[in-house]
Amino acid sequence: IENGFLGGQRTKLELAIRSGWILTLCGKSAADDVARIASSINKRAVVQVMIDTGLARSGVGVCRAADLLDKVAGWPSLRLAGVCTHFATAEDTADGFAAEQLRRFNELTGPLAGKMLRHASNSAGALLVPGAALDMVRPGIGLYGIDPTLNPSLERPLKPVMKWTAPLVGIREIPPYTGVGYGHTWRADRTTRIGLVPVGYADGYLRAFSNRGVMMVNGHPCPVVGRVSMDQTTIDLRGVPSATIGDEVTILDNDPLSEASAYNLAKWADTIPYEIFCRIGSRVKRVGVDPTDPPLAREDHDQRWLTNPE
1382 IENGFLGGQR
1392 TKLELAIRSG
1402 WILTLCGKSA
1412 ADDVARIASS
1422 INKRAVVQVM
1432 IDTGLARSGV
1442 GVCRAADLLD
1452 KVAGWPSLRL
1462 AGVCTHFATA
1472 EDTADGFAAE
1482 QLRRFNELTG
1492 PLAGKMLRHA
1502 SNSAGALLVP
1512 GAALDMVRPG
1522 IGLYGIDPTL
1532 NPSLERPLKP
1542 VMKWTAPLVG
1552 IREIPPYTGV
1562 GYGHTWRADR
1572 TTRIGLVPVG
1582 YADGYLRAFS
1592 NRGVMMVNGH
1602 PCPVVGRVSM
1612 DQTTIDLRGV
1622 PSATIGDEVT
1632 ILDNDPLSEA
1642 SAYNLAKWAD
1652 TIPYEIFCRI
1662 GSRVKRVGVD
1672 PTDPPLARED
1682 HDQRWLTNPE
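Written out as structure tokens, the structure is:
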């Protein structure tokens, strides 16, 4: 909470306080407003204080942190349950700034150790910054099985949890020099089998993957050819002569070494795997699978899946 968001947000804050949620305070005005709201409903709000040790995104600055902690302690309607910070460069082991952030945080909050929760680490901090685990960690991308360095590592055997598939709904053979897709940004250099996959940028398969991405068919990589459309993508099937309509196409593979891995999709789009995951649209059906269960039976071919192949 950067401030109390009084007005339209007051009802929500009251509900959070009554429910015993831990509210994260980022400044003096937020502490004052939450304290007044809690007092008005005869409750004690459980809070933690976010300290900005160098991310420059949210939280109270290091120079004002002690004053804010004193302010919280002075409000009888507030109970301080924790203090936290967030790393800016923990995934860059050569940078060293995360260690400096941790030093600043420990210097400020060391006297509170054992009295309340202290936490700083995202996935990168938990895995790569010595001594940063403290009382708890807040893993993000690591929960999806993606290494925070953006490269799979044998030292950290994280297994990606998502697989995105769709059926191959069309196959056509085109002669040499035929252009494919909007703008004819790709032309066949010889007779070519083109496959049609019912997924496009409206589903989160980015237009940036045009003439750059790869999908997997029967275990073989098939380059994306032509521009990715709103609802359809065309792929080159020359490397898979056995491909037939109805075959399963892997759009996003949960094999970290696959050519269609989240790592590669992120590189093609000049982004990070997190954004790739977040952009997968609501039309794509999600199916949660216990990896110890038998494989799911294939259902209607018009369904698109995020599944665990085990």
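In terms of this note's numbering, the sequence shown opens at residue 1382 and continues consecutively. Backbone N, C-alpha and C define an ideal beta-carbon position, used for all residues, glycine too. The structure presented is a predicted model; accordingly, all values stated were derived computationally and were not measured.
- Put simply, of 1528, 1551, 1452 and 1494 the residue whose alpha carbon is nearest the alpha carbon of residue 1626 is 1551.
- Between residue 1486 and residue 1501, the CB-CB gap stays under 8 angstroms.
- Nearest C-alpha to residue 1453 among 1407, 1467 and 1585: 1407.
- Within the model, the alpha-carbon separation for residue 1644 versus residue 1563 is close to 27 angstroms.
- Counting every other CB atom within 10 Å of its CB across the protein chains shown gives residue 1668 a total below 16, marking it as exposed.
- Secondary structure of residue 1649 (DSSP, three-state): helix.
- Per DSSP, residue 1664 lies in no beta strand (DSSP E) and is assigned neither H nor E.
- Taking all protein chains shown into account, residue 1434 has 16 or more neighbouring C-beta atoms within 10 Å of its C-beta and is therefore buried.
- Classified as buried, residue 1596 has 16 or more neighbouring CB atoms from the shown chains inside 10 Å of its CB.
- Taking all protein chains shown into account, residue 1541 has 16 or more neighbouring C-beta atoms within 10 Å of its C-beta and is therefore buried.
- By the criterion of a C-beta distance shorter than 6 angstroms, residue 1606 is surrounded in its chain by 1561, 1567, 1615 and 1617, once the five residues flanking it on both sides are discounted.
- Taking each of 1528, 1421, 1518 and 1450 in turn and checking the Cα distance to residue 1473, the smallest one comes out for 1528.
- The criterion of a C-beta distance shorter than 8 angstroms is not satisfied by residue 1422 and residue 1403.
- Here DSSP, grouped into helix, strand and coil, assigns residue 1501 to strand.
- Distance check between residue 1409 and each of 1391, 1498 and 1383 places 1383 closest, using alpha-carbon atoms only.
- In the displayed model, residue 1476 falls within coil according to three-state DSSP, outside both helix and strand.
- Counted as a single uninterrupted DSSP element, the alpha helix (DSSP H) harbouring residue 1448 occupies residues 1443-1455.
- Fully enclosed alpha helix (DSSP H) runs of no fewer than 4 residues occupy 1504-1509 of the segment 1486-1560, in order along the chain.
- For residue 1405, there is no enclosing alpha helix (DSSP H); the residue is found in the beta strand (DSSP E) stretching over 1403-1406.
- Residue 1543 places its beta carbon 8 angstroms or farther from that of residue 1468.
- The criterion of a C-beta distance shorter than 8 angstroms is satisfied by residue 1577 and residue 1613.
- With respect to the 8 angstroms criterion, residue 1440 and residue 1499 are not classified as neighbours on the basis of their beta carbons.
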